[in-house]
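Everything on this sheet refers to the single structure shown next.
Chains as they are written, first to last, in this note's numbering: chain A, 49 to 420; chain B, 49 to 420.
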């Protein structure tokens, strides 16, 4: 074959649903060098990552680590390890990611009860309550905290309180929310939460932070069947992350170095400060983009601040505008998903991208393109 | 929590079963910046990676890419996508990795026929032939090309020829061999092969190169059941890697940049030159380590050159010597696996580590420690 030239990434300002802009310190850290995953140094890094993730998840859960795959691999880790064939699983579906959980639960052999809700609305906690009353045998209720297909922020506290003293587990997808808006795993009674690295943590994609409560651990210990994946089976994975320090798979050490530095940046800033920054910058964008006649897809009462799905007026070709934004200004925003594909945008001010001046930069570019 | 200091990896010479030493160009490439996985640039990089992987796998298979997980995730991708519940799968087991395939096939719902062989020996092709005669319904035969628990190199050509005109598929684990010794996917009639990045390709762990023949693709198209994992289901994964260029999961773009540069280095050197280098350096080490009374675990007729499992004489504490090697000389070698744990070493001269001077460096360090 012809020699392939070096891959030189173009300058991009990442304002889509992820990846978000990565801090130079993170890129530097993941290039510091490669060590073996059984090196004492690697275990030290792992322990520190687990500790920092506990702070970010607001939990004391011992079983807290990063899956060697993206947020979707972490989602499937939660589903496959908590669910056995024949179990009932209740899933709230008001966008793509709830649908993905339901899909995975089906592959795990579960009887899936879907609570469907119109895209753009949260799942009413009362609906979860009736579903659990109708299915007292339910092993798991799963909800998406930040549904990035619409920008909806799902309320979680009532459902957590409802399930706390039952045998039903509560799993929450925090892929779009972790590090950007409050996530309180212990206080809200969440038994399994998983995120990604490339949203509000501003680390390149490739790892999936995850945490399980002691109640979830007990359910796993009581399994009658083997988990349907070897790679994602926590019985094996935790041999490396836990005190045994044994080989399971070749853990991606360089990616872990990047996550380690990214988490250090999060904690240097402080979680509450970071949440406030995301709220402020996101609300500013939402205000100003509505001044330009964009319609936000999420109900006003349940809106993520930092990740916004919006529809432009019919007179504007949303896809063409998005492509021109990338080509002429190097700014990436996301396409709409599902019924909104080609008609909406998904705009994220996440992690290093949650800055006032970037709101201006995006809106100035949009104005220029719309006038041009 | 207390502030966590930056993670500064110690200087290590990686001469274990992986990871191998990473070229500075690869570390630099993966830190060049992050772009969105739906950016036209990302698809260009993906296409070039697929092309270079075809060269390395010696195949024209259209379905060739890198799994967003380690070599074990690629192994499970092969198993889960080729096997349906109730299928018969014949697996050669002469070490840990054949055992892992059998484990995964069981989780996929297969009836697993294990061809067990003493560790250190290859699976005799005649045994595969009788197994396939006894199980003409077999959907898949799986063998490990480089069994890194023992250093055995499995002959593949006869089995490939045997299965070529049957309905049975042939899957091969090339995790320890890809890029280091000849792997001829098309010429040997292999229907699925998967490797890793951190062995002879000298790229940090985190991605799993994989390729499937048209015969394997036809078998996937004829499936009656859904693949048991969403994350590893090729029907979804190939939407991103193929011509559709659609979102599936957030592909780890920075890791892909590293793999891209690593593959460029492999092709700059030339595959045949690289194989010759691994053969020469590995044989040199095997010769000299036997002069020091180490016993190689693999039969002389079926030995990988570049990855060697060896037992020290009983008078030597293999574990202590290994720890001292890391502490005093910064050199990593691997522990034995299974029955050899604590008693043997696994030593790899792989990728950037397959150099004459590193053989000397290791042996000098060992001599010093043994004399000291």
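From the three backbone atoms N, C-alpha and C, an ideal C-beta is built for every residue, glycine too.
- prompt: Is residue 120 (chain A) close to chain B, meaning its C-beta is less than 8 angstroms from at least one C-beta of that chain?
  reply: yes
- request: Let me know the secondary structure DSSP gives residue 112 (chain A) once reduced to three states.
  value: strand
task: Note down, in chain order, every chain B residue with its Cβ under 8 angstroms from the Cβ of residue 274 (chain A).
output: 154, 155
query: Quick one: which chain A residues come within Cβ less than 9 angstroms of residue 148 (chain B)?
result: 278
message: Considering just the uninterrupted stretch of the beta strand (DSSP E) at residue 395 (chain A), what are its terminal residues?
response: 392-396
task: Please list the residues of the segment 100-118 of chain A that have a C-beta atom closer than 7 angstroms to any C-beta atom in chain B, keeping them in chain order.
output: 100, 103, 116, 117, 118
- prompt: Helix, strand or coil: how does DSSP classify residue 433 (chain B) here?
  reply: Because residue 433 (chain B) is not part of the residues shown, which for chain B are 49 to 420, the question remains open.
message: In the DSSP assignment, the beta strand (DSSP E) including residue 356 (chain A) goes from what residue to what residue?
response: 355-359
query: Between the segment 99-109 of chain A and the segment 233-240 of chain A, do three or more beta carbon pairs fall short of 8 angstroms?
result: yes
- request: For residue 166 (chain B), count neighbouring C-beta atoms within 10 Å of its own C-beta (all shown protein chains included) and say buried if the count is 16 or more, exposed if not.
  value: exposed
- request: Could you tell me which residues DSSP pairs with residue 163 (chain B) in its beta bridges?
  value: B:140
- prompt: Which residues mark the beginning and the end of the beta strand (DSSP E) in which residue 259 (chain A) is found?
  reply: 256-260
- prompt: Over what stretch of residues does the alpha helix (DSSP H) that includes residue 450 (chain A) continue unbroken?
  reply: The structure shown does not extend to residue 450 (chain A), since chain A is modelled only from 49 through 420, so no value can be given for it.
task: Would you be able to state if there are at least three C-beta pairs under 8 angstroms between the segment 192-209 of chain A and the segment 250-267 of chain A?
output: no
message: Does the segment 312-330 of chain B come into contact with the segment 145-155 of chain B, if we say contact requires no fewer than three beta-carbon pairs (one atom in each stretch) closer than 8 angstroms?
response: no
- request: Would you mind working out which of A:251, A:157, A:76, A:202 sits nearest residue 62 (chain A), comparing C-alpha positions?
  value: A:251
- prompt: Are the beta-carbon atoms of residue 221 (chain A) and residue 183 (chain A) separated by less than 8 angstroms?
  reply: no
message: Would residue 113 (chain A) and residue 289 (chain A) be called neighbours here (beta carbons separated by less than 8 angstroms)?
response: yes
query: Under three-state DSSP, which class holds residue 195 (chain A)?
result: strand
task: Mind checking which residues open and close the beta strand (DSSP E) that includes residue 219 (chain B)?
output: 217-221
- request: Specify the secondary structure class of residue 380 (chain A) as computed by DSSP and reduced to three states.
  value: strand
task: For residue 301 (chain A), decide whether its Cβ has a neighbour in chain B, counting only Cβ atoms nearer than 8 angstroms.
output: yes
- prompt: For residue 52 (chain B), which three-state DSSP category applies?
  reply: coil
query: Where does residue 96 (chain B) sit, in a helix, a strand or coil, going by DSSP?
result: helix
message: I'd like to know whether the C-beta atoms of residue 66 (chain A) and residue 269 (chain A) end up nearer to each other than 8 angstroms.
response: no
Chain-ordered residues of the segment 67-80 of chain A with a beta carbon less than 8 angstroms from chain B: 67, 69, 70, 75, 76, 77, 78, 79, 80
field: Bridge partner(s) assigned by DSSP for residue 156 (chain B)
entry: Note: residue 156 (chain B) sits in no beta bridge, so no partner.
Beta carbon proximity, residue 398 (chain A) to chain B, threshold 8 angstroms: no
- prompt: Residues of chain B with CB under 9 angstroms from residue 49 (chain A), in chain order?
  reply: 99, 100, 102, 103, 315
task: Would you kindly work out how many angstroms separate the C-alpha atoms of residue 313 (chain A) and residue 328 (chain A), rounded to a whole number?
output: 19 angstroms
query: Candidates B:75, B:333, B:411, B:355: which alpha carbon is nearest residue 384 (chain B)'s?
result: B:355
field: Local Cβ density within 10 Å of residue 334 (chain A), reported as buried at 16 or more and exposed below that
entry: buried
message: Does chain A have any CB closer than 8 angstroms to the CB of residue 312 (chain B)?
response: yes
field: Residues bridged to residue 181 (chain A) (per DSSP)
entry: For residue 181 (chain A), which the question treats as bridged, DSSP gives no partner whatsoever.
query: Taking 8 angstroms as the CB-CB cut-off, is residue 135 (chain A) touching chain B?
result: no
query: Closest by CA to residue 109 (chain A), which one among A:396, A:382, A:266?
result: A:266
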